[in-house]
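Numbered per our numbering, the sequence shown spans residues 11 to 237. Glycine residues also receive a C-beta, built at the ideal position from the N, C-alpha and C atoms.
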Amino acid sequence: MKLSSISNIKGTIHLLSGLHIGAGQEQLEIGGLDQPIIKHPVTGVPYIPGSSIKGKMRSLLETYYFVDRPSTRKHVIDKGSACGCSEPDCPSCRIFGTSGADKAEGLGPTRIIVRDAQMSGNDLDLFQQGKQNTEVKYENTIDRVRGTAAHPRPLERIPAGVRFDFSITFKRFEGDEEDLINYVYKGLKLVQLDALGGNSSRGSGHVEFENVRCDDQEVDLDRIDLS
Ligand SMILES: [Zn+2]
Numbered sequence: 011m012k013l014s015s016i017s018n019i020k021g022t023i024h025l026l027s028g029l030h031i032g033a034g035q036e037q038l039e040i041g042g043l044d045q046p047i048i049k050h051p052v053t054g055v056p057y058i059p060g061s062s063i064k065g066k067m068r069s070l071l072e073t074y075y076f077v078d079r080p081s082t083r084k085h086v087i088d089k090g091s092a093c094g095c096s097e098p099d100c101p102s103c104r105i106f107g108t109s110g111a112d113k114a115e116g117l118g119p120t121r122i123i124v125r126d127a128q129m130s131g132n133d134l135d136l137f138q139q140g141k142q143n144t145e146v147k148y149e150n151t152i153d154r155v156r157g158t159a160a161h162p163r164p165l166e167r168i169p170a171g172v173r174f175d176f177s178i179t180f181k182r183f184e185g186d187e188e189d190l191i192n193y194v195y196k197g198l199k200l201v202q203l204d205a206l207g208g209n210s211s212r213g214s215g216h217v218e219f220e221n222v223r224c225d226d227q228e229v230d231l232d233r234i235d236l237s
C-alpha cells in the first residue's frame with residue numbers, strides 16, 4: 011500500500027478542570043499517594059500519554075459513529091472492547107489499528123500516531139521552579155447509613171489551567187477513498203465534550219483544544235460538524 015501523504019495536527023490542550031491519568035500500581039511510591047498520576051521518570055514532570063488521548067478518541071468515535079457496523083458492534087457493545095474486526099473497510103481499524111496477528115489483507119498500516127503531550131513552556135518553567143505543583147483531591151464515599159463521609163482516598167491531579175502541547179501525525183494511503191482525517195477532528199471535538207483520564211464522571215479531565223492547526227492551516231473545532 012503506497013503512502014500518499016502525511017499530515018501533522020498540532021495544538022494546545024488546556025485543562026479546564028484537574029486531570030488525573032493514573033500511573034498504575036507498579037509505580038506506587040512507598041508512603042506516596044495511593045492514586046498518583048503518570049510523570050516523566052527522570053524529570054518528574056507530568057505529561058499526557060498519547061495512548062490516553064488516542065484511546066479516548068477511539069472509544070468515543072466508535073460509540074458515536076462506527077457502532078452501526080455489525081462487526082464493530084460485536085466488539086464495542088457485546089465485549090465492551092475496542093473494535094478489532096480488521097475488516098479493510100472498517101474506519102476504526104484503519105485509523106487506530108488492530109493487533110498484528112489478525113491483521114487483514116487490505117487494512118493497511120495504522121493511520122494515526124498520537125505523541126505524548128508535554129507540558130507547555132510557561133507552565134513547565136513554573137513547574138520546574140516549584141511554583142506550580144500537582145494537587146490532591148480527596149475522594150469521599152458517603153456512608154449510606156450514617157450519612158457521613160468515609161474512606162477518603164487522595165487523588166492526585168494536574169490542576170486546571172495548565173497547558174500541554176499535542177501532536178498527531180496522520181497518514182493517507184492510495185485507495186483511501188474518504189478522508190479519514192475528518193474523524194480525527196470529530197474525535198478531538200468529542201473529547202472536549204467528554205473528558206480525558208480518570209474520575210471524569212466527578213468532574214476531572216475537562217479539556218479544551220486550542221490553536222489547532224493541520225499542516226499550518228487553522229482548524230476551527232467549533233465548525234466541525236458532529237452529524
Ligand atoms: Zn474494526
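Here Gly197 carries a helix assignment [DSSP, helix/strand/coil]. Within the same chain, and ignoring the five residues on either side of Ser81 in sequence, the residues whose Cβ sits closer than 8 Å to its Cβ are Cys93, Cys95, Glu97 and Cys100.
Val55 carries a coil assignment under DSSP once its states are collapsed to helix, strand and coil. The Cβ neighbour count for Leu198, taken over all protein chains shown within 10 Å, is at least 16; the residue is labelled buried.
Ser15 has Arg182 as its beta-bridge partners, per DSSP. With a beta-carbon spacing of about 7 Å, Ile19 and Phe180 fall inside the 8 Å limit used to define contacts.
Within the region 104 to 141, the complete alpha helix (DSSP H) segments of 4 residues or longer fall at 131 to 138, listed in chain order.
The residues Gly94 and Ser96, in chain order, have a CB closer than 6 Å to that of Thr108 in the same chain once the five nearest residues on each side in sequence are set aside. Residue state for Thr158 is assigned as coil, using DSSP reduced to three classes. Its chain contains Leu29, His30, Ile31, Ser62, Ser214 and Gly215 as the residues whose beta carbon lies nearer than 7 Å to that of Gly207, once the 5 sequence neighbours on both sides are disregarded; these appear in chain order.
Residues Phe180, Ile191, Cys224 and Asp225 of the same chain have their beta carbon placed closer than 7 Å to that of Ser17, with the five preceding and five following residues left out of the count. Only residues of its own chain outside the window of five on either side were considered, and among them Leu43, Pro164, Leu165, Glu166 and Arg167 have a CB closer than 8 Å to the CB of Val146, listed in chain order.
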